[in-house]
Structure formats: C-alpha cells, structure tokens
Amino acid sequence: MKKGSAKNIRKKILTAVLVLIGALVLLVGGYVLYMQCQYYRIADFEEQEIENNASDLVEIGQEYTLMTYNVGFGAYSADYSFFMDTGEMSDGTPTTGQYARARSKEEVWENIDGSIAWMKQADCDFYFIQEVDEKATRSYRVNERERICEAFSGYASVFVNNFHSAYLFYPFYEPHGAVEAGMLNLSRYRIRESIRRQFPVSDAFITKFTDLDRCFSVNRYEIDGGKELVLIQLHMSAYDEGGTVRAEQLKLLNAVLEEEGGKGNYVIAGGDFNHALEGAIEAFPSEQKIPGWVFALDSGDLAEGFHFVEAENAGETATCRGADIPYEKGVNYVTIVDGFIVSDNVKASAVNVETEFRYSDHNPVILTFSLK
C-alpha cells in the first residue's frame with residue numbers, strides 16, 4: 001500500500017470517528033435539553049379537585065376504618081424485581097432487581113384487579129392508595145386511577161399527582177419511559193377541601209428527573225362543634241442516600257401536624273413512610289442484610305401529641321419486601337414502612353393485612369379509629 005493511500009485511510013477513519021462522537025454529543029445534549037425543558041415541580045398549597053363528593057358527614061364517637069395500600073403501579077407480582085432496588089445476601093452476594101416496567105399489560109390488569117379485590121374485601125370507609133398510574137409507559141398506559149375509581153363508584157375521590165416525567169431513556173435495555181402517577185384518596189364521607197403540599201425533594205441534576213415529585217395531601221372533613229378531621233396521605237422518598245431529604249420531609253410533616261394539633265383538630269397521617277417504623281428494622285428473619293435505604297422512624301421523632309399506631313400483628317406481618325430479588329418468604333428482607341400517625345384525641349388500632357405480596361411489594365394496613 002502506498003504511503004499516501006494509508007494516510008488517506010487514517011484520515012477518513014479519524015473523520016468518521018469525530019463525526020460519530022459529534023453526533024453522540026448532539027444526541028445526548030439534545031436529550032438533556034429535552035428533559036430540562038419538560039422538567040417542573042408542582043406548586044405547593046395546590047387545591048385538588050374532589051370528584052363524586054359524598055354527602056354524609058363524619059361524627060364524633062362513631063367507628064371508622066381507613067386502609068393504606070401501595071399498589072406498586074400494578075407491576076409487582078410476587079416474582080417481580082425492580083431495577084432500582086439493590087441489596088446484599090447474608091454471604092455478601094450483591095443483588096439487583098431486573099425490570100424497569102411491568103412485564104406485560106395483562107399482568108398490570110391482574111395485579112391492579114387483585115389489589116382492588118383486597119380493598120373491596122376490607123370494605124373500609126376511607127382509602128389511601130399510592131403508586132397509582134394514570135398514564136405511564138411502565139404500566140402500558142393502563143389508567144389505574146380510572147379502574148380503581150370505577151370499582152369504588154360510591155366513594156368521593158381525590159387524585160394527587162406526585163410523579164410526572166418526560167420520557168426517561170433509562171435503563172437503556174428497558175427505558176422506564178414517561179410517567180403520570182400519584183396518590184388516590186377515596187372516601188365515603190364528604191371532603192370539605194383537599195390541598196396538595198409539596199415535600200422537599202432532591203435538586204441534584206440526575207435525581208430531580210428520576211425521583212417522584214414527593215408530596216402529601218391534606219383532606220379536611222367537617223365535624224359539628226367547629227373542629228375538623230384532617231386525613232393526610234403521604235409517600236416519602238425511598239432512594240435517598242444518607243436520609244437527608246427524608247429528614248427535611250419529616251420536618252415539614254411535623255410542622256403541619258403541630259399546626260393542626262394546635263387547632264384541636266383530629267389528625268391522622270398515613271401511607272408509605274419509606275422508613276422502618278417503631279423498631280421494625282430487624283423484626284423479621286431473612287437471608288439478606290439490612291438494605292442501605294432503611295432508616296428508623298418512631299413516635300419519638302414526631303410532634304408532641306402524636307404517635308404511630310403499632311399494628312396488633314406487627315411482629316407477624318411485614319408491609320414491604322425488598323424488590324431486588326423475587327419474593328420468597330424468609331429470604332427477602334422485609335419490614336414495616338406503611339402505617340399511621342394519629343393525634344392523641346383519636347382512639348385507634350391497626351392490623352397489617354397478609355397478602356403474601358401477591359399483587360404488590362407492599363401489604364395493606366387497616367386502621368380502625370374513632371374521634372374522642
């Protein structure tokens with residue numbers, strides 16, 4: 001080969017490489033710009049629409065029931081694992097979940113309908129439901145909100161958006177996609193007002209695109225005598241290394257609890273706390289080490305006049321499993337992250353419902369309460 005020909009070939013190869021690098025930079029830069037243009041946080045103190053509002057009012061002395069249930073956007077069959085969940089077996093073997101989406105549209109329907117069946121069986125007066133997709137790639141655009149509201153057509157409903165994202169092209173082998181999802185409040189009794197409160201969330205460049213727009217909803221119910229029943233549904237951060245964001249979220253929640261308690265209102269806050277509650281970090285045997293995301297939260301961390309309601313079967317039934325591996329009883333790390341806080345003027349008891357994580361990576365919790 002002539003010297004000039006070899007030089008020309010090298011020049012062409014270098015040019016091709018530079019063109020490819022330039023195209024990649026433009027592609028990545030364009031995608032980041034797209035994500036940044038689509039990004040926004042929902043405003044604090046936003047009033048929520050109450051659909052199909054009821055007419056009956058809450059009364060002092062009457063007994064009511066309230067269920068909280070994280071339905072895991074219809075993806076979490078017992079043998080499902082999620083790509084963002086990581087863990088470690090007792091022998092040091094690292095574990096990482098597999099899927100970024102539900103495995104099929106049919107499985108989404110099966111899991112949502114299975115969760116609805118548990119909720120219908122409980123026949124509660126109120127429901128707090130987390131991770132309800134309205135329109136999402138990860139759940140094949142199944143409108144889970146609509147499905148649940150149809151099943152509870154006799155209930156007032158409030159849907160609170162806490163996860164809205166442009167198309168997340170990650171992980172590359174199965175992009176999580178675009179998501180519109182939130183928390184659903186159902187009620188047999190008239191809701192006077194529902195306000196969305198914004199939790200502090202991470203502003204880190206990557207995390208702000210992938211974490212939920214964490215929030216809690218403050219639902220007010222009229223009671224004779226001027227006081228109110230205040231039901232607060234929440235879903236705190238999960239993937240929060242060091243727990244710094246969750247500490248800020250707890251600070252805001254406590255401020256709201258203190259304010260409502262100071263008015264003499266009856267207050268119940270419940271949902272998915274993403275903390276191990278009331279000493280549940282090591283409450284259940286497993287073949288895994290305690291995951292790094294687990295932080296403790298108990299009544300001593302709450303505003304004065306408030307406490308967690310420990311379930312009567314707290315030592316027997318967990319409410320959340322590690323989703324870094326498919327579920328196998330006694331193998332996965334499990335703990336209690338779902339439950340309720342009540343003010344001291346509320347009489348309450350609770351039970352964790354054993355579903356064997358058949359339709360979600362969470363078990364429901366039912367609170368029975370009355371206002372003193």
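Residue numbers 1 to 372, in the numbering used here, belong to the letters of the sequence shown in order. We treat Cβ as the ideally placed atom computed from N, Cα and C, and that holds for glycine.
Whole-number beta carbon distance between residue j and residue i, since they are thought to touch under 8 Å
| i | j | result |
| --- | --- | --- |
| Ser187 | Ala54 | 6 Å |
| Ile336 | Ala283 | 7 Å |
| Val179 | His164 | 7 Å |
| Thr86 | Thr93 | Contact doesn't hold; Cβ gap of about 12 Å is too wide. |
| Glu131 | Ala181 | 6 Å |
| Phe369 | Tyr64 | 6 Å |
| Ile290 | Tyr333 | 7 Å |
Reduced DSSP category for residue i - H, G, I as helix; E, B as strand; rest coil
| i | result |
| --- | --- |
| Asp44 | coil |
| Tyr34 | Low confidence applies to Tyr34: its pLDDT is 49, below 50, so where it sits in the model is not reliable enough to give any reading. |
| Glu134 | strand |
| Arg10 | helix |
| Arg220 | strand |
| Arg321 | strand |
| Ser5 | helix |
| Gln249 | helix |
| Ser360 | coil |
| Val108 | helix |
Sheet register partners of residue i (DSSP bridge)
| i | result |
| --- | --- |
| Cys215 | Gln198 |
| Ile129 | Tyr69 and Leu184 |
| Ser349 | Thr368 |
| Asp338 | Asp272 |
| Pro175 | Paired residues: none, contrary to the question. |
| Tyr64 | Phe369 |
| Gln121 | DSSP lists no partner for Gln121. |
Proximity to residue i [Cα-Cα], best of the options
| i | options | result |
| --- | --- | --- |
| Glu110 | Phe369, Ser360, Lys372 and Ile366 | Ser360 |
| Leu297 | Glu312, Ala303, Gly305 and Leu277 | Leu277 |
| Glu144 | Ala156, Asn162, Asp113 and Val158 | Asp113 |
| Glu310 | Cys320, Val342, Ile290 and Ala151 | Val342 |
| Phe199 | Lys227, Glu193, Thr244 and Phe306 | Thr244 |
| Ala348 | Glu316, Gly322 and His307 | His307 |
| Gln288 | Leu302, Ala323, Glu260 and Ala255 | Ala323 |
| Glu88 | Thr317, Gly74 and Ser286 | Ser286 |
| Gly226 | Arg321, Ile9, Asn219 and Lys263 | Lys263 |
Test item: CB-CB of residue i and residue j under 8 Å
| i | j | result |
| --- | --- | --- |
| Ala350 | Phe340 | yes |
| Asp125 | Leu66 | yes |
| Leu389 | Tyr266 | A query on residue 389 cannot be resolved here, the shown segment of the chain reaching from 1 to 372 and no further. |
| Ile50 | Ile232 | no |
| Asp213 | Ile366 | no |
| Arg103 | Tyr80 | yes |
| Asn313 | Ala156 | no |
| Gly74 | Val19 | no |
| Leu257 | Leu184 | no |
| Arg197 | Phe45 | yes |
| Glu174 | Tyr99 | yes |
Proximity test, Cβ basis, 8 Å: residue i and chain D
| i | result |
| --- | --- |
| Arg190 | This model lacks chain D altogether; it includes just one protein chain. |
heavy atom of the ligand MN below 7 Å from residue i C-beta
| i | result |
| --- | --- |
| Lys329 | Inclusion of the ligand MN in the displayed structure is not the case, the ligand content being empty and no account of it being possible. |
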